[in-house]
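Novice:
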Amino acid sequence: MASVLEPLSGEEIAVINRRQQNPFPKSDLLHATFRPFDPTHWVLPNPLLPASYLAFLRWSNGGAFRTGGREFGFFPALGSGCGVRAMMLGYELPEYMPGALPIAFNGGGTFYLLDMRKPARNGEYPIVCSHSGNLGWDADECVPIADSFPNACRGTVNVDELR
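In this text, residue positions in the sequence shown follow the working numbering: the first is 188, and each later residue adds one.
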């Protein structure tokens, strides 16, 4: 799993930079305000992942399950297009939610993320949810779900109902 959180390669930086395009037409006043971000300044989360999450990945390396109304579509560790790293970089999480590591979708565009901004407590990080179209740490952008990976998996309430 260490390679998921290794520093960005030159190729990854080039891909991220190529994707950044001004969303505003030249006729729009906001066109002149667009500034691409610099992924060379991104800091990736601490590579010390919870043992419970690593055990899950060793057992399944992704997969889907549901508990009550809570649905999980877990990302494989290193899947080429949908793995943890691909999702983290593809959705530019180090820019919008530094310290977050995406682990799953809920089936409706909402990420489950490890909140790795602070040191782990008892080897676990809190789990938060944030919609892929509105990523960020503000209260209107993310919702705390559980204090650990196992407790997030035991929850039964659809996370979209917690917003």
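Where a beta carbon is used, it is the ideal one built from N, C-alpha and C, also for glycine.
Return the chain-ordered list of same chain residues with a C-beta closer than 7 Å to the C-beta of N209, the five sequence neighbours on each side being excluded.
Specialist: H218, F221, listed in sequence order.
Novice: Compute the beta-carbon to beta-carbon distance between E311 and N321, rounded to the nearest angstrom, for a pair I have assumed lies under 8 Å.
Specialist: With a Cβ gap of about 26 Å, E311 and N321 do not count as contacting.
Novice: Just to confirm, are G342 and R253 a CB contact at a threshold of 8 Å?
Specialist: No, these two residues do not count as a Cβ contact at 8 Å.
Novice: Per DSSP, R308 forms a beta bridge with which residues?
Specialist: Paired residue(s): E311.
Novice: May I have the straight-line CA-CA distance separating M188 from N233, to the nearest angstrom?
Specialist: Any reading at M188 must be qualified, since the residue scores a pLDDT of 49, below 50, and its modelled position is unreliable; no value is offered.
Novice: If we ignore side chains and look at the alpha-carbon of each, how far apart do P194 and W246 end up?
Specialist: Approximately 26 Å between the Cα atoms of the pair.
Novice: Quick check on the DSSP output: the beta strand (DSSP E) that includes C329 runs from which residue to which?
Specialist: Note, C329: beta strand (DSSP E), 329-333.
Novice: Spell out the partners DSSP gives A251 in its beta bridges.
Specialist: G260, per the DSSP bridge assignment.
Novice: To the nearest angstrom, report how far apart F259 and A291 are at their CA atoms.
Specialist: About 6 Å.
Novice: Could you pull out every unbroken alpha helix (DSSP H) segment of at least 4 residues lying fully inside the stretch 271-310, listed in chain order?
Specialist: You should have 271-277, 280-283.
Novice: Looking at F336 and P237, is the spacing between their C-beta atoms short of 8 Å?
Specialist: For P237 and F336, yes; Cβs fall inside 8 Å.
Novice: For Y278, which residues from the same chain have a beta carbon less than 8 Å from its beta carbon, with the 5 sequence-adjacent residues on both sides left out?
Specialist: For Y278, where only same-chain residues beyond five positions count, the Cβ hits under 8 Å are P289, F298, S319, L322.
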